[in-house]
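Going line by line, the protein sequences match chains A and B. Taking the working numbering, the leading residue of the first sequence gets 16, the next gets one more, and so forth. Taking the working numbering, the leading residue of the second sequence gets 323, the next gets one more, and so forth. Idealized CB from N, CA, C, for every residue including glycine. As the structure is a computational prediction, the values presented were derived from the model and not from experiment.
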Amino acid sequence: MAEILEINNLSLHFDTPEGEVCAVRGVDLCVKQGEILAIVGESGCGKTVLCQSVMKLLPKNARIASGTITVDGTEITGCSEKEMRSLRGNLFSMIFQDPMTTLNPTIPIGKQIAEAVRKHSNAGKDAAKARALELLELIGIEDPVVRYDLQPHFFSGGMRQRCVLAIALASNPKILFADEPTTALDVTVQAKILDLLLELRDKLGLTIVFVSHDLGVVARIADRVAIMYAGKIVEIGRVDEIFYDPRHPYTWGLMQSLPSLAREGEPLHCIPGMPPVMLNPPEGDVFAYRNLYALQIDYEEMPPFFAVSPTHAAATWLLDPRAPRIPSPVSLRRKEGEPQ
Amino acid sequence: MTATPVLDVVGLVQHFAINRSVTIRAVDGIDFSVDAGEVFGIVGETGSGKSTVAKSILGVNALTGGEIYFKGNLISAKHLPKEVKDDVHRNMQIIFQDSAAALNPHMTVEEIVAEPLLVNRVYAAKEEREERVLACLAQVGLSAAYRHKYPGELSGGMRQRVAIARSIAIRPDLIIADEPIASLDISIQAQIVTLFQHLQKTEGFSFIFIAHDLSMVRFLSTRIAVMLKGKIVELAPTDELFRHPLHPYTASLISSAPVPDPDLERSRTRLAYDTSLFTGDGVLTEVADGHFLLM
Ligand SMILES: Nc1ncnc2c1ncn2[C@@H]1O[C@H](COP(=O)(O)OP(=O)(O)OP(=O)(O)O)[C@@H](O)[C@H]1O
Ligand SMILES: Nc1ncnc2c1ncn2[C@@H]1O[C@H](COP(=O)(O)OP(=O)(O)OP(=O)(O)O)[C@@H](O)[C@H]1O
Ligand SMILES: [Mg+2]
Ligand SMILES: [Mg+2]
């Protein structure tokens with residue numbers, strides 16, 4: 016499979032009154048055609064900004080400080096807004112985290128989807144409406160004909176989220192950036208949407224970059240997983256490698272926060288402290304201050320990536336041959352049998 | 323149980339007329355009560371009416387039918403005695419799905435959290451009030467460094483925590499939390515859920531916890547109601563519900579909840595339930611001790 020998206024050494028800064036915020040720091044990432052890559056990490060670690068920088072839909076005060084982004088063979092960091100607009104229509108589209116930022120509150124939902132269809136094809140009015148109804152049906156909105164003419168506020172949170180998905184799919188994109196597309200959905204609908212995304216991948220070869228903090232969803236849908244912390248990818252690997260053999264203490268912390276992995280009657284594990292504001296990143300590993308397993312060197316020098324397998328790598332000094340051996344505290348084992 | 327429940331919802335109906343021919347039956351006759359110190363979970367399909375239930379309890383919409391009692395007092399009537407109104411105002415707090423977005427952008431974090439204390443004149447001394455505000459911020463994991471910040475300067479997760487701090491400041495009897503953690507990441511979800519658990523144990527708050535994430539609801543709730551198309555289809559103590567789901571919709575929900583285990587997740591069979599077959603007929607009937615089923 017060919018690489019459809021290649022990000023090299025991408026750094027992105029925000030100019031703010033307090034100074035420069037380093038939201039993305041030297042990210043390298045490759046996504047293959049038809050692959051589903053999940054990006055996981057705490058709030059503020061830069062997941063959305065990373066997607067936005069590929070889409071070039073960044074806030075005004077953002078600046079790409081270094082790096083290249085190659086999409087389907089084209090280097091796009093130098094593209095003009097006009098070139099980007101056509102790329103956005105035909106190559107990629109994004110489902111935003113907050114459905115109301117995509118939806119216009121005053122325009123009926125159906126019309127908004129039909130408009131999206133028309134913007135990206137030369138469909139006539141009736142054809143666009145028919146396609147919009149089809150999309151509403153596809154994403155599982157009941158009574159699409161009645162719902163077609165209703166404004167967003169008549170829809171529940173989850174229904175709105177599905178309409179946003181319909182709009183994103185209207186342009187038949189090759190790469191879909193899905194920023195927490197199922198957070199507002201109940202599990203049965205969520206399962207349907209995930210199945211739908213998997214089906215689109217299998218049938219159309221859709222490539223999906225899936226941002227989520229729900230590790231259950233990630234376990235379901237992802238081929239590969241990238242764990243992000245404070246603007247950096249700290250661990251990346253195939254989904255089984257990340258879940259059954261996590262190596263970075265941050266990944267351990269995330270897994271331990273899950274209620275389904277908690278032992279009966281015990282409190283949930285919380286990663287101490289909070290992610291840092293990336294105004295003046297400290298020397299060394301920024302996670303060190305929250306890391307129960309931090310070594311002296313973590314405070315002094317940023318850890319490089321250590322390869323665990325050809326497909327799995329983590330940036331933690333614990334993988335250095337000189338480091339003490341620390342067994343993973345995460346209890347998830349492969350094929351352990353159904354947890355009730 | 324003989325003690326008066328904190329909240330009693332009787333025959334709640336909430337319809338919305340869209341136009342002459344279309345009426346959305348958002349909530350279609352449901353009954354439940356929440357005991358003191360209980361965490362009552364509500365789960366269900368998107369659009370099944372969960373948020374509408376929360377809003378109806380709060381009096382956002384005039385009820386189409388039914389009654390709501392708070393600590394034994396009717397609160398769903400149009401005209402309420404002043405004491406009842408004040409009591410509701412003070413002792414029932416809500417955290418919305420999008421509370422974070424609803425914070426007043428012109429107030430600082432400290433002012434936002436202090437407001438209900440001021441309005442209800444909880445503390446005479448400014449120092450006491452400040453102390454309470456800072457304690458609440460600390461409880462949701464926000465240091466005093468944030469007290470003078472404005473909502474626009476905070477991330478979504480932080481804003482949600484400010485909303486939570488505000489709702490607990492006054493030590494209400496009942497907190498209605500409508501997907502309070504959906505917008506938060508796992509590690510902070512764990513913090514907030516741990517906080518809810520702690521508050522419920524130490525301060526005896528009652529909670530209505532509306533969520534999609536079954537694993538969190540299971541972790542936190544004492545009893546759970548499952549909603550579908552404006553009806554409660556099943557209501558049971560948490561363990562009982564997960565061990566013996568009786569309604570096919572409940573079974574499909576439980577089997578659809580994603581588990582963070584790739585092999586299991588991909589090999590598991592999900593029980594499908596065609597919700598278009600659901601008519602909503604029947605009455606909620608006790609089939610085992612405390613286990614109710616719509617039949
Ligand atoms: N317009 C902006 N100006 C300054 N800083 C910004 C701006 N937008 C985002 N940031 C900062 O960039 C960082 C990354 O933000 P981003 O929205 O990508 O986080 P995220 O990982 O998507 O978080 P969440 O899970 O909460 O959506 C954050 O620290 C945020 O404060
Ligand atoms: N003010 C309103 N006017 C008209 N219809 C409404 C209104 N509020 C809610 N509805 C409708 O009532 C139904 C229930 O909506 P509600 O928001 O209660 O669902 P929910 O269970 O909270 O869903 P979600 O899980 O997606 O948040 C939906 O069909 C919705 O479109
Ligand atoms: Mg984001
Ligand atoms: Mg809702």
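Remark: C-beta atoms of B:Leu506 and B:Ile514 approach each other more closely than 8 angstroms. Chain order gives the chain A residues near B:Val344 as Val161, where near means a beta carbon separation below 7 angstroms. A Cβ closer than 7 angstroms to some heavy atom of ligand 3 marks a residue here, and those residues are A:Lys62, A:Thr63, A:Gln112, A:Asp194, A:Glu195 and A:Val226. Closest option to A:Trp332, judged by alpha-carbon separation, among A:Arg262, A:Asp255 and A:Ile286: A:Arg262.
With a threshold of 8 angstroms between beta carbons, A:Val254 makes contact with chain B. In summary, B:Leu440 is exposed, with fewer than 16 beta-carbon neighbours lying within 10 Å of its beta-carbon over all protein chains present. Ligand 1 never approaches B:Gly474 closely enough for any of its heavy atoms to be under 7 angstroms from the residue's Cβ.
With the rule of 3 Cβ pairs closer than 8 angstroms, the stretch 549-562 of chain B does not count as touching the stretch 239-253 of chain A. In terms of Cα proximity to A:Ile54, the closest of A:Met293, A:Pro196, A:Val323 and A:Arg348 is A:Pro196. Scanning its chain for C-beta atoms nearer than 6 angstroms, with the 5 sequence neighbours on each side dropped, one finds around A:Gly34 the residues Leu294, in chain order.
Excluding its 5 nearest sequence neighbours in each direction, A:Pro287 has C-beta neighbours in its own chain below 8 angstroms: Arg305 and Leu307, listed in chain order. Under the Cβ distance rule, A:Phe302 does not count among the residues neighbouring chain B, no pair being separated by less than 8 angstroms. One finds nothing in chain B with a Cβ atom closer than 9 angstroms to the Cβ of A:Ser343; even the nearest lies about 15 angstroms away. At a cut-off of 8 angstroms between beta carbons, A:Ala241 makes no contact with chain B. Judged by DSSP in its simplified three-state form, B:Ala499 adopts strand.
The criterion of a C-beta distance shorter than 8 angstroms is satisfied by A:Ala185 and A:Leu150.
When Cβ-Cβ separations below 8 angstroms define contact, A:Pro274 makes contact with chain B.
Listed by position along chain B, the residues whose Cβ is nearer than 9 angstroms to that of A:Thr117 form an empty set, because the closest Cβ is around 15 angstroms away.
Interface residue (Cβ-Cβ distance to chain A less than 8 angstroms): B:Met617 is not classified as such. About 6 angstroms separates the Cβ atoms of B:Leu536 and A:Val202, confirming a contact at the 8 angstroms cut-off. Counting only the Cα atoms, B:Gln461 lies some 33 angstroms from A:Ala329. Chain A places no beta carbon closer than 8 angstroms to that of B:Ala460, leaving this residue out of the contacts. Here B:His337 is bridged, per DSSP, to B:Arg347.
Among the residues of the stretch 44-68 of chain A, those with a Cβ less than 8 angstroms away from any Cβ of chain B are Gly56, Glu57, Ser58 and Gly59, in the order of the chain. Assigned with DSSP and collapsed to three states, B:Met429 falls in coil, not helix or strand.
Sequence-distant partners of B:Phe564 (beyond 5 residues in either direction) whose C-beta falls short of 7 angstroms from its own C-beta, in its chain, are Arg540 and Ile576. Leaving aside the five residues that flank B:Ile340 on each side, the residues in its chain whose CB is nearer than 8 angstroms to its CB run, in chain order, Ile346.
For A:Lys140, the secondary structure class from DSSP, reduced to helix, strand or coil, is helix. With distances taken between CA atoms, A:Thr326 lies nearest to A:Val254 out of A:Ala138, A:Leu310, A:Ile91 and A:Val254.
Here A:Gln311 is exposed, its C-beta having fewer than 16 other C-beta atoms within 10 Å. When the five nearest sequence neighbours on each side are left out, the beta carbons in the same chain lying within less than 6 angstroms of the beta carbon of A:Gln112 are those of Asp194 and Glu195, in order along the chain. Ranked by Cα distance from A:Thr89, the options A:Phe320, A:Tyr265 and A:Leu106 are led by A:Leu106. In this structure, A:Phe302 has its beta carbon at no less than 7 angstroms from each heavy atom of ligand 1. In this chain, the alpha helix (DSSP H) harbouring A:Tyr265 covers Pro264 to Gln271. Ligand 1 never approaches A:Cys45 closely enough for any of its heavy atoms to be under 7 angstroms from the residue's Cβ. Scanning B:Leu586, B:Ser578 and B:Glu453 for the CA closest to the CA of A:Ile208 turns up B:Ser578.
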